[in-house]
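Peer 1:
Number of protein chains: 2
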Amino acid sequence: MNQPIQLLGISNAIVDILAHIEDSFLEQIGAARGSMTLIDEQRAREIYSMMGPATEMSGGSVANTVAGFANLGGSAAYIGRVKADQLGAIFNHDMRSLGIDVRLPPGKDGAPTARSHILISADGQRTMQTYLGACMELSVSDITPESVGTPKAVLIEGYVWDLPEGPALTQKAMAIAAQNGTAVVLSLSDSFCVERHRDSFMQAIRNHVDIVVADEDEVAALLQTEKFEDMLTSLDDYDNLFAITRSENGSVIVHGDQKIVQAATAVDTVIDTTGAGDAYTAGFLYGWVNDYPLAECARIGTFCGTTVIQQVGGRIEPGLLDSYRSE
Amino acid sequence: MNQPIQLLGISNAIVDILAHIEDSFLEQIGAARGSMTLIDEQRAREIYSMMGPATEMSGGSVANTVAGFANLGGSAAYIGRVKADQLGAIFNHDMRSLGIDVRLPPGKDGAPTARSHILISADGQRTMQTYLGACMELSVSDITPESVGTPKAVLIEGYVWDLPEGPALTQKAMAIAAQNGTAVVLSLSDSFCVERHRDSFMQAIRNHVDIVVADEDEVAALLQTEKFEDMLTSLDDYDNLFAITRSENGSVIVHGDQKIVQAATAVDTVIDTTGAGDAYTAGFLYGWVNDYPLAECARIGTFCGTTVIQQVGGRIEPGLLDSYRSE
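Residue numbers (this note's numbering), protein chains in the order written: chain F, 1 to 327; chain V, 1001 to 1327.
#1: Rounded to whole angstroms, what's the CA-CA distance from Arg1115/V to Tyr1131/V? Just pull it up for me.
#2: Over the uninterrupted alpha helix (DSSP H) stretch that includes Ile1005/V, give me the two end residues.
#3: Closest by CA to Gly74/F, which one among Gln311/F, Pro112/F, Asp291/F, Thr307/F?
#4: Using DSSP bridges, identify the partner residues of Glu296/F.
#5: Show which residues of chain V have a CB atom less than 8 Å away from the CB atom of Met128/F.
#6: Output needed for Ile1246/V: all residues of its chain with C-beta closer than 6 Å, excluding positions within five of it in sequence on either side, in chain order.
#7: In this structure, how does DSSP classify Leu1186/V when only helix, strand and coil are distinguished?
#8: Please list the terminal residues of the continuous beta strand (DSSP E) segment that includes Thr1265/V.
#9: Taking only beta-carbon positions, decide if Asp215/F is within less than 7 Å of chain V.
#10: Any Cβ of chain F within less than 7 Å of the Cβ of Gly1124/V?
#11: Would you mind reading off the limits of the beta strand (DSSP E) that contains Val254/F?
#12: So Phe69/F and Leu7/F are in contact, right, with Cβ under 8 Å, and what is the actual spacing, rounded?
#13: Kindly confirm or deny that the segment 1127-1142 of chain V and the segment 1092-1112 of chain V touch, where touching means at least three C-beta pairs closer than 8 Å.
#14: Cβ of Gln1086/V within 7 Å of Cβ of Gln3/F?
#15: Look at the alpha carbon of Asp1230/V and the alpha carbon of Asp1237/V, and state the distance between them as a whole number of angstroms.
#16: How do the segment 1019-1026 of chain V and the segment 1079-1099 of chain V stand: do at least 3 beta-carbon pairs fall below 8 Å, yes or no?
#17: Should Val1254/V and Leu1235/V be called a contact, given that it needs their Cβ atoms to be closer than 7 Å?
#18: Using a Cβ-Cβ distance cut-off of 7 Å, determine whether Pro1354/V contacts chain F.
#19: Have a look at Ile205/F, His208/F, Ile260/F, Arg196/F and flag the residue whose alpha-carbon is nearest the alpha-carbon of Leu232/F.
#20: For the beta strand (DSSP E) containing Arg1126/V, list its first residue and its last residue.
#21: I'd like to know if the segment 1169-1179 of chain V and the segment 1141-1151 of chain V are in contact, where contact means that at least 3 CB-CB pairs between them fall below 8 Å.
#22: For Pro1164/V, decide whether its Cβ has a neighbour in chain F, counting only Cβ atoms nearer than 7 Å.
#23: When the distance is taken between beta carbons, is Val212/F closer than 7 Å to Thr281/F?
#24: So who's on the other strand from Met1057/V, going by DSSP bridges?
#25: His1117/V to Ala1168/V, Cα distance in whole Å?
#26: Alpha helix (DSSP H) containing Glu1218/V: first to last residue?
#27: Using alpha carbons as the reference points, say which of Ile1143/V, Arg1033/V, Ala1221/V lies closest to Gln1129/V.
#28: Closer than 7 Å by beta-carbon distance: list the chain V residues that pair up with Tyr48/F, in chain order.
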């Protein structure tokens, strides 16, 4: 390790299979526009065989954030499970090539590396059909004081709670973080994920989590509120820091009495919304680990999210912060 | 088979690994800007480990042309060797999803599916480091009256002559084509490839080839001429149809006494020149198999090539001909 790690990500390690589709394709496979559905290997084969030509690139929500964070110049480490197959090699290569310290070796046996079929509609909306494969084998024994280390923050993905040992391994990671003074950041992943694990998330937020990153639908699902104003009122009961993205309505940072409203940046053409939230989180956390004021963290997050929706694929390119600074 | 096949491609089946680079990276690996170098598996691992995050997509020169041809609405078939690994599955999926009749099953043993590391400079120039892997196992026994069928044209890639059984298998394919009245189209691939196989190419052109598709550097290497005017004069000795691309100078079609000059289309920003020639060939051959006048074939080719240099990656998207027709 050349420098102390600022951010450790723990998440599903996934290769994205991106293709543009007509919305009729979603009807054909029975998928709701904008949803993320977990599918098994058989169904993954069926969907793939029905899809047009695709582009493959490393993905996964928190993995995208960690990659973006490294591209911004942050020092990062990563815990996620791939198999020792070609897609696993691609995933680990792409992380390592950004200087990210990949903590787990690829698995020799078991299910293949995970893949997410990302179906991009003409308006940039994404619908995901995800086969978790090797991710399902992430285990409690993978989380140790050595693999976690002593980063400034550990970012855990809500989707990890979907894994068989997910609740136990996140518990262990949060306990190690507490011992080391590492901040715990929870990404709520998506609102269906929140519905699946509301009680666990709530308990984690009450007891272990310092920062919650989410979009407003996810926070609404968590707090079971309908109106945005009611959501803000409910947040009065929490002393965690919430960074909440709101698409074209920008974002809002809530921390105790502090409330920071950040406007969105107007964009001519949205190419692909994949990873906009992940990129926002990368920028926000880059500012946070560097002790920037929260308003500045929100501005960097917005810049990263705005950049990503104007390209295909969810990852931000190196040198992005130079463009931000020259604006 | 639902409709008679118009175009059969025989070529190296390759997955592209695309990444943007600084030109200093080329110095570091000792590669000449714009070159295509064949590398072994060990060197492929080294180069990949030095590269930044990449995007993977099906590629290969003539495979790109066949995919583009199918996307334009042509009926196509394909002969090329992949292994039964994840990259091979991606390659075959991408071809089949365009309705292309993939004639060979993936190999069970042997080298992995081929990959080409495509290093894209800031100005869009591409430099390729290609590991041929499973392609090397394409054999004479793969070429049969059944696998070739009776297409209107068979398009063979110059690079196939680099394979151990390449000269013999192309000979067999051209003999089968001759028996069935199938036109033989030869893509010269690149000027170093022409240097490697000039005598074989010359013999094929004199005896079997109907159409030669190439850029002007490749034709210059073939005829050993320096000036463009001398090249045109030399072509007087050939009765083959030559479709010659000239980058920003457009293209020229030469067939006996007939000479058609097609201007290039001005482009604001070149993103990536990968596959511009392959896309031109797709458009040109689409016109040719449909008996369009040669000038129209050249215009469609130019439209396809112009589109491809304004995007990352070498393949043309479905529906492109609609944009052409509405211009």
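Cβ atoms here follow ideal geometry from the backbone N, Cα and C, with glycine treated the same way.
Keep in mind that this is a model prediction, so the values were computed, not measured.
Peer 2: Short version:
#1: The sequence position of residue 1115/V within the second sequence is 115, counting from 1. The sequence position of residue 1131/V within the second sequence is 131, counting from 1. Using only the alpha carbons, I get a separation of about 5 Å.
#2: Position 5 of the second sequence, counting from 1, holds the residue named residue 1005/V. Careful: Ile1005/V lies outside any alpha helix (DSSP H) and carries neither H nor E.
#3: Taking the first sequence and counting its residues from 1, one reaches residue 74/F at position 74. Among Gln311/F, Pro112/F, Asp291/F, Thr307/F, the Cα nearest to that of Gly74/F belongs to Asp291/F.
#4: The sequence position of residue 296/F within the first sequence is 296, counting from 1. Answer by DSSP bridge pairing: none, since Glu296/F is not bridged.
#5: Here residue 128/F refers to the residue found at position 128 when the first sequence is read from its first residue. Per Cβ cutoff of 8 Å: no residues; Met128/F is ~18 Å from chain V at best.
#6: Here residue 1246/V refers to the residue found at position 246 of the second sequence. Checking the sequence shown, residue 1246/V turns out to be Arg, not Ile. Excluding sequence neighbours, Arg1246/V sits near Glu1216.
#7: For the purposes of this step, residue 1186/V is taken as residue 186 along the second sequence, with counting starting at 1. Leu1186/V: strand per DSSP, three-state reduction.
#8: Here residue 1265/V refers to the residue found at position 265 when the second sequence is read from its first residue. That residue, Thr1265/V, is in no beta strand (DSSP E); it is neither H nor E in DSSP.
#9: Reading the first sequence from its first residue, position 215 is the one you call residue 215/F. Output row for Asp215/F: interface = no.
#10: On the second sequence, residue 1124/V is found 124 positions in, with the first residue counted as 1. For Gly1124/V, the answer is no, since every Cβ of chain F falls outside 7 Å of its Cβ.
#11: Walking along the first sequence from the start, residue 254/F turns up at place 254. 251-255 is the span of the beta strand (DSSP E), which, as asked, contains Val254/F.
#12: In the first sequence, residue 69/F corresponds to position 69, counting from 1. In the first sequence, residue 7/F corresponds to position 7, counting from 1. Correct: roughly 5 Å between the Cβ atoms.
#13: yes
#14: Residue mapping note: residue 1086/V aligns to position 86 of the second sequence, counting from 1. Residue mapping note: residue 3/F aligns to position 3 of the first sequence, counting from 1. No, they are not a contact pair.
#15: Here the question's residue 1230/V lines up with position 230 in the second sequence. Here the question's residue 1237/V lines up with position 237 in the second sequence. Their Cα atoms are separated by approximately 12 Å.
#16: no
#17: Walking along the second sequence from the start, residue 1254/V turns up at place 254. Walking along the second sequence from the start, residue 1235/V turns up at place 235. Contact flag set, yes.
#18: Chain V is shown only over 1001 to 1327; residue 1354/V falls outside these bounds and no answer can be derived.
#19: In the first sequence, residue 232/F corresponds to position 232, counting from 1. Comparing Cα positions, the closest option is Ile260/F.
#20: Locating residue 1126/V in the second sequence gives position 126, where the first residue counts as 1. Looking at the DSSP string, the run of the beta strand (DSSP E) that includes Arg1126/V is 1126-1131.
#21: yes
#22: Mapped onto the second sequence, residue 1164/V falls at position 164. For Pro1164/V, the answer is no, since every Cβ of chain F falls outside 7 Å of its Cβ.
#23: If you number the first sequence from 1, residue 281/F lands on position 281. If you number the first sequence from 1, residue 212/F lands on position 212. No, they are not a contact pair.
#24: If you number the second sequence from 1, residue 1057/V lands on position 57. Met1057/V pairs with Asp1016/V.
#25: Locating residue 1117/V in the second sequence gives position 117, counting from the first residue. Locating residue 1168/V in the second sequence gives position 168, counting from the first residue. If I take the Cα positions, the gap works out to 28 Å.
#26: For the purposes of this step, residue 1218/V is taken as the residue at position 218 of the second sequence. Its alpha helix (DSSP H) spans residues 1216-1223.
#27: Along the second sequence, read from residue 1 onward, the residue named residue 1129/V stands at position 129. When each option's Cα is compared against that of Gln1129/V, the closest is Arg1033/V.
#28: For the purposes of this step, residue 48/F is taken as the residue at position 48 of the first sequence. Ordered by position in chain V, the residues that pass the 7 Å Cβ test against Tyr48/F are His1093.
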